[in-house]
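Below is one structure; the comments refer to it alone.
Protein chains: 2
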Amino acid sequence: MPEPRFRRRKEDRPQEITEAALTAFAEKGYAATRVDDVAKRAGVSKGLLYLYFKTKEDLFKAVIRSFVVPRIDALTTIIDNSEMSAEEFLRGPFFEFARTLPGSHISILIRLMIAEGPKHPDLLQFYWDNVVSRGLGAISELLERGVQQGEFRRSAVNELPHLFAMPVLFSVVFRSLFEKQCPDTDKLIGAQLDLLIAHMKGDVA
Amino acid sequence: MPEPRFRRRKEDRPQEITEAALTAFAEKGYAATRVDDVAKRAGVSKGLLYLYFKTKEDLFKAVIRSFVVPRIDALTTIIDNSEMSAEEFLRGPFFEFARTLPGSHISILIRLMIAEGPKHPDLLQFYWDNVVSRGLGAISELLERGVQQGEFRRSAVNELPHLFAMPVLFSVVFRSLFEKQCPDTDKLIGAQLDLLIAHMKGDVA
DNA sequence: ATAATTACTGACCCGTTAGTCAGTAATTGG
DNA sequence: CCAATTACTGACTAACGGGTCAGTAATTAT
Numbered sequence: 001m002p003e004p005r006f007r008r009r010k011e012d013r014p015q016e017i018t019e020a021a022l023t024a025f026a027e028k029g030y031a032a033t034r035v036d037d038v039a040k041r042a043g044v045s046k047g048l049l050y051l052y053f054k055t056k057e058d059l060f061k062a063v064i065r066s067f068v069v070p071r072i073d074a075l076t077t078i079i080d081n082s083e084m085s086a087e088e089f090l091r092g093p094f095f096e097f098a099r100t101l102p103g104s105h106i107s108i109l110i111r112l113m114i115a116e117g118p119k120h121p122d123l124l125q126f127y128w129d130n131v132v133s134r135g136l137g138a139i140s141e142l143l144e145r146g147v148q149q150g151e152f153r154r155s156a157v158n159e160l161p162h163l164f165a166m167p168v169l170f171s172v173v174f175r176s177l178f179e180k181q182c183p184d185t186d187k188l189i190g191a192q193l194d195l196l197i198a199h200m201k202g203d204v205a
Numbered sequence: 001m002p003e004p005r006f007r008r009r010k011e012d013r014p015q016e017i018t019e020a021a022l023t024a025f026a027e028k029g030y031a032a033t034r035v036d037d038v039a040k041r042a043g044v045s046k047g048l049l050y051l052y053f054k055t056k057e058d059l060f061k062a063v064i065r066s067f068v069v070p071r072i073d074a075l076t077t078i079i080d081n082s083e084m085s086a087e088e089f090l091r092g093p094f095f096e097f098a099r100t101l102p103g104s105h106i107s108i109l110i111r112l113m114i115a116e117g118p119k120h121p122d123l124l125q126f127y128w129d130n131v132v133s134r135g136l137g138a139i140s141e142l143l144e145r146g147v148q149q150g151e152f153r154r155s156a157v158n159e160l161p162h163l164f165a166m167p168v169l170f171s172v173v174f175r176s177l178f179e180k181q182c183p184d185t186d187k188l189i190g191a192q193l194d195l196l197i198a199h200m201k202g203d204v205a
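So the protein lines, in turn, are chains A and B. Following my numbering, the numbering of the first sequence begins with 1 at its first residue and continues without gaps. Following my numbering, the numbering of the second sequence begins with 1 at its first residue and continues without gaps.
So this is what it looks like as structure tokens:
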């Protein structure tokens, strides 16, 4: 009896396809990625891909959903379940998150989001609700907790959560464009963290 | 004698076309912009466009060149020709530049640059040399001047130029994606400026 | 075994669009 | 006024790629 030409693996296909799509999108960008190519990488025919994803745009959304959101979940879970002081969290898990993000494949998705976002308003809304808003909210809560416990003084600056997010976005974009000339991401993010924490604690800057 | 169907205006065509292209790219992004559409907006036939620009990519590069670079030139000229103190410059012209950029059409080009950059390495190099590198260099010089004149203390933070550039890029991206939910650009940039200047002056943060 | 089901294939279709080019009409020079 | 020049037009094409679907082969039910 001959080897079967293919196996039916309904369960695994979607994930295999989104993984292939992630790689392809990362390499070529959205518009330049051929659906045919994604299918090949996933070891599947184009027809099958269209069985699981209605359109190319649909596929793109699925990629964002399945790779970016979990990352944010991980962060917020740590905040909620740990007893760390705000500073410990910022210098620990947050810093770790921020410094590893720009080198990860997620950073490519963020770039894609910037590039393609305006063409997909509903995706943008999804991204806002599930990633950006929650991320900023988490920082906000954390700072508030720091203030409550007398660790930080109450700052006049309302934009603090954004100021913490800034170096992350900056590094992601900067590195993805000017890999070679990019300053050390760790130092950049570290410097901003130092500035902000010093400010929150009321130290001499 | 009838009105001529068209005038020959060799001199003005390139600029008119790049202007039309800027608008089109801004509205639709690079891939979704039709060369035909750019031509129509410029009031020319597609054939003529191809007489002035070899390819669509060529056109894109011309747009970046002609609209972004002058903006940086303006800034560096002010630095070189004015007698302002560093702080005056940062709180004056630099702040003005930074806060108006995210609302201008240039910001759309920056987003396009982020989106399309990786596909055009030579353009990226050009952009680095003529925009990013010069911009960072200008800030660097300015800070150095501030230190020389005893206005600022010498900071241990080497990444300062990037820290000044950060809120600008952040605002550009943030606003172009989440226009509605974007925090007040002025305040965001202002806050970062305050932090950095306080740090440079050695004040209490 | 064989029928019914369905995951899967791959050739095809068709709208779309970057880029071309033979021809046309506005200029310019004699 | 006519000829030479060239800025300009617009119909054309060649290719590409998203999406479809009739058919096939693996699986499951009987």
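Every residue, glycine too, gets a C-beta built ideally from N, C-alpha and C.
Can you tell which of the options has the C-alpha that lies nearest to the C-alpha of residue i?
| i | options | result |
| --- | --- | --- |
| A/I114 | A/Y127, A/S104 and A/G103 | A/Y127 |
| A/G135 | A/L123, A/V63, A/M166 and A/R153 | A/M166 |
| A/S176 | B/K61, B/P118 and B/E144 | B/P118 |
| B/A42 | B/I79, B/D129 and B/T18 | B/T18 |
| B/K201 | B/F174, B/F95 and B/E151 | B/E151 |
| B/P24 | B/Y52, B/L48, B/E11 and B/V63 | Residue 24 of chain B is actually Ala in this sequence, not Pro. When only C-alpha atoms are compared, the closest one is B/V63. |
| A/R34 | A/R154, A/L59 and A/K10 | A/L59 |
| B/D12 | B/G92, B/Y52 and B/D36 | B/Y52 |
| A/R65 | A/T76, A/N130 and A/E179 | A/N130 |
| B/Q15 | B/A39, B/A74 and B/F6 | B/A39 |
| B/K187 | A/K180, A/F174, A/Q181 and A/A156 | A/A156 |
| B/R7 | B/Q125, B/L48, B/A32 and B/A26 | B/L48 |
| B/V147 | B/G92, B/Q125, B/E87 and B/K61 | B/E87 |
| A/K76 | A/A20, A/L124 and A/S133 | Going by the sequence as given, residue 76 of chain A is Thr instead of Lys. Comparing Cα positions, the closest option is A/S133. |
| A/E116 | B/R9, B/A20 and B/A26 | B/A26 |
| B/D73 | B/A20, B/E83, B/F97 and B/K54 | B/F97 |
| A/Q125 | B/R91, B/Q149, B/K180 and B/K10 | B/K180 |
If I'm right that residue i touches residue j with Cβ under 8 Å, what's the distance once you round it to whole angstroms?
| i | j | result |
| --- | --- | --- |
| B/H120 | B/L22 | With a Cβ gap of about 17 Å, B/H120 and B/L22 do not count as contacting. |
| B/V68 | B/L109 | 6 Å |
| B/F164 | B/I139 | 5 Å |
| B/P102 | A/H162 | Between A/H162 and B/P102 the Cβ distance is about 13 Å, and since that is not below 8 Å, they are no contact. |
| B/L112 | B/Y30 | 6 Å |
| B/S107 | B/V172 | 4 Å |
| A/R99 | A/I189 | 6 Å |
| A/F89 | A/I79 | 7 Å |
| A/A198 | B/E159 | The Cβ separation is near 15 Å, so there is no contact. |
| A/L195 | B/L195 | 6 Å |
| A/K28 | A/D36 | The Cβ separation is near 12 Å, so there is no contact. |
| B/L123 | B/K61 | 5 Å |
Against residue i, what residues of chain A qualify as contacts under a CB-to-CB distance less than 8 Å, listed in chain order?
| i | result |
| --- | --- |
| B/F178 | L124, W128 and V132 |
| B/F94 | Within chain A, no residue comes near B/F94; the closest Cβ sits about 17 Å away, beyond 8 Å. |
| B/F97 | None at all; the shortest Cβ gap to chain A is about 17 Å. |
| B/F53 | The premise fails here: B/F53 is roughly 20 Å from chain A at the closest Cβ pair, so nothing lies under 8 Å. |
Using a C-beta to C-beta distance shorter than 7 Å, which residues of chain B count as neighbours of residue i?
| i | result |
| --- | --- |
| A/Q192 | L163 |
| A/P183 | E159 and H162 |
| A/L48 | Correct list: empty, because the minimum Cβ distance to chain B is about 26 Å. |
| A/P167 | M166 |
In chain B, which residues lie with their C-beta within 8 Å of the C-beta of residue i?
| i | result |
| --- | --- |
| A/A86 | Per Cβ cutoff of 8 Å: no residues; A/A86 is ~16 Å from chain B at best. |
| A/L188 | E159, H162 and L163 |
| A/F6 | In chain order: nothing, as chain B lies at least about 33 Å away. |
Just the chain A side, please: which residues come within less than 7 Å of residue i by C-beta, in chain order?
| i | result |
| --- | --- |
| B/I114 | R111, I114, A115, V173 and L177 |
| B/A20 | Ordered by position in chain A, no residue passes the 7 Å Cβ test against B/A20, which lies about 20 Å from the chain. |
Residue i versus chain B: which residues are under 9 Å apart at the beta carbon?
| i | result |
| --- | --- |
| A/P102 | Here the premise fails: no neighbours, minimum Cβ distance about 13 Å. |
Closer than 9 Å by beta-carbon distance: list the chain A residues that pair up with residue i, in chain order.
| i | result |
| --- | --- |
| B/K119 | K28, G29 and A32 |
Residues of the region 24-37 of chain B with a CB closer than 9 Å to any CB of chain A: list them in chain order, please. K28, G29, Y30, A31 and A32
Relative to chain A, which residues along the region 129-159 of chain B have a C-beta separation below 8 Å, given in chain order? V132, S133, V157, N158 and E159
Residues of the region 57-88 of chain A with a CB closer than 7 Å to any CB of chain B: list them in chain order, please. none
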